[in-house]
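Written out below as structure tokens is the structure these notes cover.
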Amino acid sequence: MESGAEVSKAVLEFATALGLLASVPAAPAVAASLSFVGIARNGLKLLQEKTNKKFEIEKGVAVAFPLAYINSFEALVQRNIWLKERLNAEIPGWEAQHQFSKLGELELDNNQADKALTSFPDSILGQALNYHLSTYLEGKGIEQNIAFLVTGWVAWDTYKQIEQLLSYERENVLQSLSLTISAAQEIRKVQKYASIESYLIENISPTPKEPILIERWKVIGEDFTIPEIYVSLEAQLLDSNKLKENKAIVNLENWVKEQLNKPEKNRQVMFIQAGPGRGKSVFCKMFANWVREHLHPIWTPILIRLRDIDTFEPNIENTLRAAVRENFTNCDDWLSDRKTRYLFILDGFDELRFEGRTAKGIEDFLQQVGNYQAQTGCRHRFIVTGRESALHGIENRIPTNLNRLEIALMDDELQNQWLEKWSRLFGQDKAEEFQKFIEAVNCPVRVYELAREPLLLYLLAAMHRDNILTIEMFDDANDAQAKIIIYQETLDWVLTKQRPEKLNQELTEFDTEDLRLILTEAGLCITQSGKEWTSIKTIEERLKSEKSAREMLEKAKQNLGENPLRNALAAFYLRPAKATESTEGAVEFIHKSFGEFLCAQKITENLKKWVRLDSESRRDRFIIDDDKLSEEIYDLLSYGGLTPEIVEYLMALLDSEKQFNYLKLFERLEYFYQDWCRGKFINGSPNNLPLNQMQKFRTANILLDLRQVDIYAGLNVMILLLELYRYFHNNDEFRDKIIFYPCGKVGSNNFDNQLLLRIIGYSNSVTVGIFSETVGNFLLGASLEGVYLAGVHLAGASLDRANLSQANLKGAYLSEANLELANLKSANLSGANLSEASLAFADLEDANLQGANLSKASLVYADLKDANLQGVYLEDASISEANLLRANLEGANLQGANLQGANLSGASLEDANLQGANLEGAYLGRTSFDNEVYLEGANFKGANLTKVTLSGAYLEGANFTRANLEGACFLRFDLSEAKLDEAYLDEAYLEGINIKSIDLD
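Pasting the structure below:
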């Protein structure tokens, strides 16, 4: 702290209470304008004058260290906003004086003074000061465990203040202390606090020394860094993965800060999800640094990119230790030490990769985090971020103590803040011109919407700055196509505009098209690796598999005299990656989306080759024959499941082709699918494609077994067939030509109603749920008429608009599945688990749902005419406006269900439970409620109950306000405390009823 800096009231009070300012005239006034270093120097000078002696270590330490300790405390209070807020209130001086009165009685001998100099926190003086500061803080209302954190770091930082004091001392004094000072410095180097400080500077601050870490703070292809362009994002709180109704948008950073200050939230994991390019990783970096600057050591940030974790241990403490890789984690008590409290920021749960490439690993890891956070006495907090799509199929199995929210699109205000920062970097004119571009009347809506995503906003602004962005580029483009255009133009921009083509060739010995090829291969390699990085050697091996690429590499190597890929991959979306398993160097994409896009480009190039005909052949012969096609499918698609993002890019890239032969592609993929279903490739001899590919993967350290390679190849081809079918379903030219039946067409010779069940069983032989996790997102609109899927696991699957008429789904697990607008006519869903599933607008006419679990499910506007719902569990389900005409609901549990506006005419509700159900506006004409129907507290407001039979029903507390009960039969039932004001009871039969406390206003 410099001379003249303002000293906080709390620190002055503490120093005065210790009696350390007694020798300074008008202490409070003087101290407020004098640094504590100055006070200590004056104190030492007065001491020497008074004793008229040479420097004595015991006396010097007794004066200097308490003052240095105070200065350390002052420095912490000044930078820590949490302490500042809590130390504003005054504490009576006499009380503080009483607490510290005994400190002045402490006298030090030579050994004690030497201990203070070499290891102050462990010395008698250090412990005494810690005790009194802790007492002072607790008197201010600060909890004991927090006071312990503060005193630990104040004592540690005290030596820095001593070093500052010693710099003013005479040479002879410094010489006498030289050995002691050296010993102190050596001791400090190996202590926990030194390791933590080093970690915070290198891994959390925006000014690390290591080149790889410096690169992570740079904006893509620019000289400026993330803090120069970052704006604080907004988010929407979530409830059961759905947006909370009527809930205001929150500022993401402020919300997280509030959670850290709420002790009642200590057992909650902060779980932040968002799509690609929404700013998750940038938020993690910026917030971690904010915590370092303003909350440490109350909270010490630990930022872990989950892609960097190599080993997952059964004990999460060991997993975290291996991920951090710093000395302070080596002690067994590193998470139980009272002197530290960590905020773990775990970025990218969607980038976690486990053996088998399944979501089971994500589920287990999140469960570990949730369980650890929920432990009684857990001192630390966790923030987890990632893409929501990674939770597909496991949402009902993730921890219940996740406090979830989703990053929102940038609104006008945030966009304007971002543009203001852009103007500081590139001028007001550039920023205003770009703003006019995205707000122009003729700017495509798609582009305007994409400009609300941080990554795409930057890419659009950068291309506009460099005069390569035009309105016409996006004519007739949908969302996916607009993204493709942006990424393609960005790629061109990086390869040709940002660095002239001539310079690229001088640096790398590759021309622009060579570099494109290298980048697409890198995109595939990184996607296949499952680790978000890959070794340069792996990329090189893939390139060598093609003759032209191999010749290109050899020529470049001859000219450069070294590995040419190192230069080519040093820029262009890629940066060095930490690869503990790799010694020859590794690279990662600056943003995951670039890798996915380039991987999609690589697959697209192969799809185009697969339908290309041999121009020299007299017959229509493909240049890639069937055997080679199968080999390339395993080479490209057997690494793991295609993600929705890659598939979206892939279809948009195909759509941009002017004369692509979709029909031939569909036919060739379908032939492969049929061969795969018959086990042709897994049983192949002597050329076994899954085995060959497994061995190739092993050389690239991709550890998949034989079944996994075969399963993913088949499932990914299935995904492509489903997407082609969905894409052309409404296309007049291809509607009747491109139709994918996973089990064959009903009534045809090749129809096998159990084929899909066997595929699911084969897939799940690796890990239960792998089919749902891989293919589940792509089943919308699938043609599955008459298939046998009894007991199948399809939790969270997207089956909206699917044709499942007459399908057998008995006992199927379909929790949280999307079956909106699905055709389930005459389907057997008896005993199925459809809890929290969405069946809105679904056709369930004559379906068998006997004993099914539909709790919290949505059946809004569903057609359940003549359906069998006997014994079904519908607690808290939403069935508003549904058609339940003549439905069998005998023994059904409809407690708390929403049946508002539903048609229950002619339905059978014998022994049903409708306690607390909402039947407002429902039509129950001629419905039978015979036997013990429980309707306590049910809401019949405005319902049509004409000619309904309610013999023996329990209607205590029911609300019949303005209900039409004309001709209804209320025989032997309980209407006590029911509300019937304005109800229409013409010709109603009310024999034997209990009308105690009834409201007939």
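Residue 1 is where the sequence shown starts when you use the numbering used here, and the numbers rise one by one after that. Beta carbons are placed, not taken as given, at the ideal position from N, Cα and C, and that holds for glycine.
Tell me the DSSP secondary structure of residue i in three-state form.
i	result
residue 711	helix
residue 218	strand
residue 298	coil
residue 410	coil
residue 236	strand
residue 273	strand
residue 5	Caution is warranted here: a pLDDT of 42 is assigned to residue 5, below 50, making its placement in the model unreliable, and the coordinate value is therefore given only provisionally. Note: residue 5 maps to coil in three-state DSSP.
residue 767	coil
residue 85	helix
residue 328	helix
residue 196	helix
residue 25	Residue placement at residue 25 cannot be trusted, given a pLDDT of 37 that sits under 50; what the coordinates show is reported in the next sentence. Coil at residue 25, not helix or strand.
residue 99	Unreliable positioning characterises residue 99 in this predicted model, as indicated by a pLDDT of 42, which lies under 50. A coordinate reading is not provided.
residue 813	strand
Among the candidates the options, whose CA atom is the shortest distance from the CA of residue i?
i	options	result
residue 457	423, 470, 410, 489	410
residue 898	349, 858, 651, 605	858
residue 277	156, 159, 450	450
residue 294	381, 487, 78	78
residue 648	600, 840, 378	600
residue 717	631, 622, 701	631
residue 296	342, 272, 253	342
residue 804	916, 610, 780	780
residue 222	66, 305, 465, 625	465
residue 856	362, 396, 749	396
residue 379	453, 413, 265	265
residue 691	316, 700, 710	710
residue 661	273, 406, 607, 135	607
residue 391	362, 407, 408, 405	362
residue 834	799, 923, 347	799
residue 595	321, 624, 521	521
residue 220	530, 433, 493, 845	493
residue 775	785, 759, 788	759
residue 676	629, 644, 659, 650	629
residue 920	908, 879, 892, 127	879
Go ahead and label residue i buried or exposed: buried means 16 or more other beta carbons lie within 10 angstroms of its beta carbon, across all protein chains shown.
i	result
residue 207	exposed
residue 543	buried
residue 445	exposed
residue 735	exposed
residue 612	exposed
residue 703	exposed
residue 870	buried
residue 545	exposed
residue 381	buried
residue 31	Unreliable placement is indicated for residue 31, whose pLDDT of 41 sits below 50; no coordinate value is reported for it.
residue 268	buried
residue 619	exposed
residue 540	buried
residue 415	buried
residue 686	exposed
residue 62	buried
residue 470	exposed
residue 714	buried
residue 750	exposed
Contact check, residue i vs residue j under 8 Å by CB: the rounded distance?
i	j	result
residue 707	residue 768	So it is not a contact: roughly 14 Å between Cβ atoms.
residue 807	residue 772	No, residue 807 and residue 772 are not in contact; Cβ-Cβ is about 16 Å, not under 8 Å.
residue 86	residue 140	6 Å
residue 640	residue 712	6 Å
residue 817	residue 791	Not really, about 15 Å apart at Cβ, beyond 8 Å.
residue 911	residue 886	In fact, because the Cβ distance is near 17 Å, the residues do not count as touching under 8 Å.
residue 830	residue 852	6 Å
residue 875	residue 841	About 22 Å; that fails the 8 Å criterion.
Is the CB of residue i under 7 Å away from at least one CB in chain D?
i	result
residue 317	In the structure shown, chain D does not exist; there is a single protein chain.
field: Within the stretch 645-714, ranges of the beta strand (DSSP E) (whole runs, at least 3 residues)
entry: none
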